Every structure is written in C-alpha cells, then in structure tokens.
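Before any comments, here is the structure.
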Amino acid sequence: MIVAALLLAVQVIAQNPRLERLDPDTRSAVTIVVDSARGAGLPVEPLIQRALEGTSKGAAGARIVAAVRRLAADLGAARVALGTGASTPELEAGVAALRAGATPQVIAHLRDVRRPPLTIALSVLADLVASGVPADSAATAVLALAPKARDADLVEFRRAVEHDIALGAPPGAATSVRVNAGADFANSPSSPGTVPRPRRP
Amino acid sequence: MFEHDDDIVERMIRQLRRPVSLDPGLAARVMGEIAAPAHPGIGRTWPWLAAAAAVLGAVVIAHPWTRGSGTSTAAFQFVLVAPQAASVSLVGDFNDWDPARSPMRTAQGVWATVVPLAPGRYRYAFLVNGVEWRADPGAPAAKDDEFDTPSSVVTVGGRGS
C-alpha cells in the first residue's frame, strides 16, 4: 500500500515536476484535475500555472484545487463557445471574457465576424469590464469593431477608454464615444481594416 | 474659507483633466534609459524618468522575433516605480510564478526587467521585498483573482499554440 502510494507520488512528480512545489495532498488533487483536462483535450498549462500562482501566494490547498477545477470547467465552456479549433491563448482569453460577463452567444458571434486568432479581441472585452465598463456595453463595442479593426487598434481602443475613465468619464459613455469614432473610421473605404487613433476629448 | 478651498480643488481637477499629449517616442526613450546600466546622467534625469515610468506603468512591446519552433515571441519590458523597495521580482504565468526566475533591476527606484512572451494572455504581479504583492498600475487588473492578492494581465497577440 505504502509502496503503491510512493509510486503514485513519483509518477505525479514525473508527469508535472513543477507541481512538486505543492503539498502532497494538493498536488494529488490538482494532478487529477490536470489529467482529466488532458484527457478531454483541454490545455493543461493554464491549470498548472494557476496552481503555481496559488502556492506562490500562500493559498490554502483547498483553495488552489478549487481554483484549478473552476478554471478547467471554464476552459471547457470557452472551447464550446469558440470551437474545437481554438488555440490555448484563445481559450484563456475566452475564459476571461466569460468570467467578465460575456455570454457564450457573444463569443460565438465574435467568432463569426472576426478571423482568428481572437485572443486580443476577447481580452479587450474582458479588460474593458475590469475597467468598469458594463459587460453588455463592452461586448457591443468589441463586436462593432471586431470585423475590421486590427489587434493593435483594439488595444489602442481599450487604452483610450481607460484613459477617458481615468479622467472621470462614465465607463459606458466613454466606450460608446470611442467605439463610434472607431466605427466611423473602420467604415471608410480608403482605410480598410484600421481604426483611427482616437482623439483625446 | 471653504469656498476658497473648493475653488482650489476645482482648479486642480481642471488641470488634472486637461488632455495630455505625449511624444510618441517617449516610451522608447524611457525604456532605453532604464535599460542602460550605470547611466552617467541618471541622477540628473531621475525626476523625469520616474514621472514618465509612473505614467507608463509596465509593459512596453519591444522587439518581436521568432523562436526555433516558429512561435512568434515579443520582448516585453515590465516597470515598477518602488523607490523604497529593497527587491522586486516579476512573477506570473510566464515564469511558473517563481520569484527567483525574474528578479528586477533598479535604477534609482525604477525597477525593470524584460521577458520574452509568446502569444497568450498572462496573469502576473510584482513581489516587493519578498512579501508584498502588487499589481501593475499601468496594466489591466485581473478581476478573477481567487487568492486575495492583486494581479494584472498582459495579452500578446498573434497565433499561439
């Protein structure tokens, strides 16, 4: 029995040597989640990183395991929304967008209107919500810009909205103003695929 | 007296809300100054450098390149202004959350390090003096922190694995 347990522990460390930083009980529980995710075809690196984040931050084992389990479930939900061809960065960004309040329908719509990779578009959506923009406003804005804006344009759009919010603008209004400026430019036939650098207010 | 104070506050708010125009080359110059070791003019330029770094926060896209595997990677510079800190480490999804992997170097309290990042969305934080977790004031916050410590997010575009 003891030998079997030792063999199991050695096997776990051999599979994921970085998880050696976790205490044995947490490591075993995390490994079960990781192996299950791998079997389901989900990326396991985000799960390992979440476990390592938890242990570096001194979180209790139960909390680490719960976080890893939740992330595995959310990666699965993101894959359903994004499709089986989604890359690991897209799935991670999809998780962030879902957790920010974007619906699976919004993510599926984004997939329809924008060529992959969708990593930046999904991340901008999540980051806008983190800045205080209501989830539906953020989703509407990203979906409006997504068909033509480049990744760099979306990042610049997010920065402009954050800048306006920092200066006191209501998050929803800041988003609307900036998306209107961007949408006008994106519709210009002379400048396909770009969004203007938004003007400062 | 209170009206007078209110006037002052109003004026300060108006000043703070004035649009700020930055030279597009500012980020590159600031990062060049930070990266240069033992810059002879650092003492003279420190106030300007600290102010600029505080505005920029962290994360500046520097030089994209391609690794042997074909995965496009870009160098990101992370900066934290922490004049009182004795040590600062950058920890995140890109270095196994291991403080020993990315110690930051300081020039007059401006801590900086450069990390190559492949496409993806990364959570990270600064560990100050080995005990204090700090988010990046210049980057989006990680809202889904489950460990009760602040973290930030950086996203690198491009096609990942």
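Protein sequences, first through last, are from chains A and B.
For what it's worth, the working numbering labels the leading residue of the first sequence as 1024, then goes sequentially.
For what it's worth, the working numbering labels the leading residue of the second sequence as 30, then goes sequentially.
Glycine included, every Cβ here is placed at the ideal spot set by N, Cα and C.
Since the structure is predicted, the reported quantities are computational estimates derived from the model, not experimental observations.
Opposing strand residues paired with B:Ala170 [DSSP bridges]
B:Ser181
Counting only Cβ-Cβ distances shorter than 9 Å, please list the residues of the segment 1142–1170 of chain A near chain B, keeping chain order.
Residues of the segment 1142–1170 of chain A with a Cβ closer than 9 Å to any Cβ of chain B, in chain order: Thr1142, Ile1143, Leu1145, Ser1146, Val1147, Ala1149, Asp1150, Leu1151, Val1152, Ala1153, Ser1154.
When you compare each of B:Ser116, B:Pro148, B:Val182 to B:Ala154 by their alpha carbons, which one comes out closest?
B:Val182
Using 8 Å as the limit for Cβ to Cβ distance, is A:Thr1111 near chain B?
yes
Does the segment 123–130 of chain B come into contact with the segment 1069–1080 of chain A, if we say contact requires no fewer than three beta-carbon pairs (one atom in each stretch) closer than 8 Å?
yes
When you compare the CB of A:Gly1106 with every CB in chain B, is at least one pair closer than 8 Å?
So, not an interface residue.
By the DSSP assignment, the alpha helix (DSSP H) with A:Ala1095 in it spans what residues?
Residues 1084–1105.
Cβ-based burial, A:Leu1117 [other Cβ within 10 Å; buried from 16]:
Inspection of the sequence shows that residue 1117 of chain A is occupied by Gly rather than by Leu. That one is buried.
Residues of its chain near B:Lys172, where Cβ-Cβ distance is below 7 Å and the 5 sequence neighbours each way are ignored:
none
Selection from A:Leu1151, A:Ala1120, A:Gly1155, A:Ala1158 that minimises the alpha carbon distance to A:Thr1142:
By alpha-carbon distance to A:Thr1142, the top candidate from A:Leu1151, A:Ala1120, A:Gly1155, A:Ala1158 is A:Ala1120.
Report buried or exposed for A:Thr1232, applying the criterion of at least 16 other Cβ atoms within 10 angstroms of its Cβ.
For residue 1232 of chain A there is no data in the structure shown, the boundaries of chain A being 1024 and 1224.
Among A:Gly1195, A:Leu1114, A:Gly1081, A:Asp1174, which one has its Cα closest to the Cα of A:Arg1138?
A:Asp1174
Is the segment 1124–1140 of chain A touching the segment 1181–1192 of chain A in the sense that three or more CB pairs, one from each, lie closer than 8 Å?
no
With a threshold of 8 Å between beta-carbons, can A:Arg1122 be considered close to chain B, or not?
yes
Listing by chain order, which chain B residues have their CB less than 8 Å from the CB of A:Glu1115?
Gly149, Arg150
If contact means a Cβ-Cβ distance below 7 Å, which residues of the segment 1049–1078 of chain A contact chain D?
Absent from the structure: chain D. Protein chains present are A and B.
Of the residues B:Ala136, B:Leu119, B:Leu146, B:Ala104, which one's Cα is nearest the Cα of B:Val157?
B:Leu119
Thinking C-alpha only, which one of A:Ile1188, A:Ala1100, A:Val1200 is nearest A:Thr1227?
This structure cannot settle anything about residue 1227 of chain A, because the visible part of chain A is limited to 1024 through 1224.
Quick check on the DSSP output: the beta strand (DSSP E) that includes B:Ser101 runs from which residue to which?
101–110
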